[in-house]
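Undergrad: Protein chains in written order, with the working numbering: chain P, 991 to 1126; chain B, 991 to 1126.
2 protein chains.
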Amino acid sequence: MIGERIKSLREKKGYSITKLADLAGVSKSYLSYIERNMQNNPSLQVMAKIAAPLDSNIEYLLGKEILPKRNQEETLDEEWRAIIKNAVDEGMSKGDFQALKDLVQSNMWKNSRVETNVHASQKKKSSNIIILHIDN
Amino acid sequence: MIGERIKSLREKKGYSITKLADLAGVSKSYLSYIERNMQNNPSLQVMAKIAAPLDSNIEYLLGKEILPKRNQEETLDEEWRAIIKNAVDEGMSKGDFQALKDLVQSNMWKNSRVETNVHASQKKKSSNIIILHIDN
DNA sequence: TTACGTTGTTTTTTATAAAGAACAATAAGT
DNA sequence: ACTTATTGTTCTTTATAAAAAACAACGTAA
């Protein structure tokens, strides 16, 4: 339930119910109800106000209760997003990526060294696979 | 605002306000208010009920209005997320991804023949690149 | 033309979310 | 020991979310 999430985050921050209620700008009585799931239908604005001082957001507070599955799995971190966005902007298609990914399956990139050679040159450090391209 | 999102999705599905209200189990009057942003503080349950028949979810409906920044920037295409998450779970590092990205860009691999050798063996058909793994 | 079905709106009512107490219980201080 | 703060809870009130209903505007059909 939604109450647990809030309580957990609140205690992690070391806030009392009263303190969080003040920071959020909601009544402590209402916050108490919510935490104990005696009131499980707060408004969006109340949720947003509570989430803010917890440095959280509505989705997280909702957890898996209401939201459909896609939002439950935790989000890929920011760095990844940037990298991928960049790649997509540069024209990489899903098909391209999948094809290459399938080549370099699972454990291949776990503990190995690498270089990337395309057409007998083009080096790539910071990776651990050698990809050697051969024309036909 | 939140109203636009709902209206847009609703019309995309070809639903009338009355129809969506029925499907969602909320009153059409209230739905009308929400769409026109005359009521911008619905409860979580109402939001969830409206989102369901639209095959959507609360976050999307919220858009960038209430949620903190991380949720504002448009979400990376779901399909990409799944693909990347999967690859990461299989052990792909950021460096690995960059290497693949560069390969994709070079476009060379597209029309060529391939084999995959890992540790001097491990073949991979149905592709056109030789990937040669080397331990360190 | 009159009537009927749908559309979305505005008015009215009622249910309940959320506030504002007042309260008991534990802790800290003098 | 008796205060004086905090804690979180429960009772009471009031503000408002949400329903129900009545309405106007448009189309369609008999």
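Every residue, glycine too, gets a C-beta built ideally from N, C-alpha and C.
What's the C-alpha gap between lysine 1003 of chain B and lysine 1002 of chain P?
TA: Each residue's alpha carbon lies about 43 Å from the other.
Undergrad: For leucine 1013 of chain P, which option in P/Arg1000, P/Ile1024, P/Tyr1023 has the closest C-alpha, if you only look at C-alpha atoms?
TA: Selected option, being the one with the closest Cα: P/Arg1000.
Undergrad: According to DSSP, simplified to helix, strand and coil, what is serine 1033 of chain B?
TA: Three-state DSSP puts serine 1033 of chain B in a strand.
Undergrad: Using a Cβ cut-off of 8 Å (strictly closer), state whether glutamine 1029 of chain P contacts chain B.
TA: No, no contact with chain B.
Undergrad: According to the Cβ coordinates, are asparagine 1047 of chain B and isoleucine 992 of chain B closer than 8 Å?
TA: No, they are not a contact pair.
Undergrad: If you reduce the DSSP assignment to three classes, tell me which class lysine 1009 of chain P lands in.
TA: DSSP places lysine 1009 of chain P in helix when its eight states are reduced to three.
Undergrad: Check the C-beta distance from isoleucine 996 of chain P over to leucine 1051 of chain P and give it rounded, since I have them as a contact under 8 Å.
TA: Between leucine 1051 of chain P and isoleucine 996 of chain P the Cβ distance is about 6 Å, and since that is below 8 Å, they are a contact.
Undergrad: Between which two residues does the alpha helix (DSSP H) harbouring arginine 1026 of chain B extend?
TA: Taken as a continuous stretch (DSSP letters only), arginine 1026 of chain B belongs to no alpha helix (DSSP H), as it is neither H nor E.
Undergrad: Under a CB-based cut-off of 8 Å, is glutamate 1049 of chain P close to chain B?
TA: Taking Cβ atoms only, chain B reaches closer than 8 Å to glutamate 1049 of chain P, which makes this a yes.
Undergrad: At 7 Å on the CB atoms, spell out the chain B contacts of leucine 1043 of chain P, in chain order.
TA: In the sequence under discussion, the amino acid at residue 1043 of chain P is proline, which differs from the leucine named in the question. Those do not exist, as proline 1043 of chain P stays about 12 Å from chain B at its closest Cβ, beyond 7 Å.
Undergrad: Please tell me whether leucine 1034 of chain B has its Cβ less than 8 Å away from any Cβ of chain P.
TA: Chain P contact via Cβ: present.
Undergrad: Anything in the region 1003-1017 of chain P with a Cβ closer than 8 Å to a Cβ of chain B? List those residues in chain order, please.
TA: Per Cβ criterion, the list is empty.
Undergrad: Mapping the DSSP letters down to three states, classify serine 1102 of chain B as helix, strand or coil.
TA: With a pLDDT of 35 at serine 1102 of chain B, under the threshold of 50, the predicted position of this residue should be treated as unreliable, though the coordinate-derived value follows. It is coil, neither helix nor strand.
Undergrad: Name the chain B residues whose beta carbon is nearer than 8 Å to that of leucine 1052 of chain P?
TA: Neighbours of leucine 1052 of chain P on chain B, chain order: Leu1034, Ile1048.
Undergrad: Taking just the CA atoms, how far does glutamate 1025 of chain B sit from alanine 1011 of chain B?
TA: Those two C-alpha atoms are separated by around 12 Å.
Undergrad: Suppose contacts are defined by Cβ-Cβ distances below 8 Å. Is serine 1033 of chain B in contact with proline 1032 of chain P by that definition?
TA: In contact: serine 1033 of chain B and proline 1032 of chain P (Cβ atoms closer than 8 Å).
Undergrad: How long is the line joining the alpha carbons of lysine 1059 of chain B and glycine 1053 of chain P, rounded to whole angstroms?
TA: In this prediction, lysine 1059 of chain B has a pLDDT of 30, which is less than 50 and means its spatial position is unreliable; what the coordinates show is noted afterwards. One C-alpha to the other measures close to 18 Å.
Undergrad: Would you identify the three-state DSSP class for lysine 1002 of chain B, choosing helix, strand or coil?
TA: The answer is helix: DSSP assigns lysine 1002 of chain B an H, G or I state.
Undergrad: Counting only the same chain and skipping the five closest in sequence on each side, list residues whose C-beta sits under 8 Å from that of alanine 1041 of chain B.
TA: So the qualifying residues of the chain are Asn1047, Ile1048, Tyr1050, Leu1051.
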